[in-house]
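Numbering (our numbering), first residue to last: 462 to 547. Backbone N, C-alpha and C define an ideal beta-carbon position, used for all residues, glycine too. What follows is a set of notes on a single structure, which appears directly below.
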């Protein structure tokens, strides 16, 4: 009976170690892979009017209006461009 209890404890400890090693191997395989992201749609024509349209757009997903409230200098530059000062 003592041999059976030792075998059960050994099997449990082995399963725990095997599970830990499997988790480590999985985490290591995830961190070693590179991520490929698609390129955004970009026309290549960056000018002030494109930037103005972007910052005038209030859509949270496609527009940049929310950044004007966070960055005072950016809001100042945007306002000066809209008024024809720069």
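For residue 496, there is no enclosing alpha helix (DSSP H), as DSSP marks it with neither H nor E. Straight-line measurement puts the Cα of residue 488 at about 21 Å from the Cα of residue 474. Note on geometry: alpha-carbon atoms of residue 521 and residue 545 lie some 26 Å from one another.
Just so you know, the alpha carbons of residue 531 and residue 504 end up roughly 27 Å apart.
Between residue 525 and residue 516, the CB-CB gap stays under 8 Å. For residue 491 and residue 477, the gap between their C-alpha atoms comes out near 21 Å. Within the same chain, 526 come within 6 Å of residue 519 by CB-CB distance, once the 5 residues on both sides are set aside.
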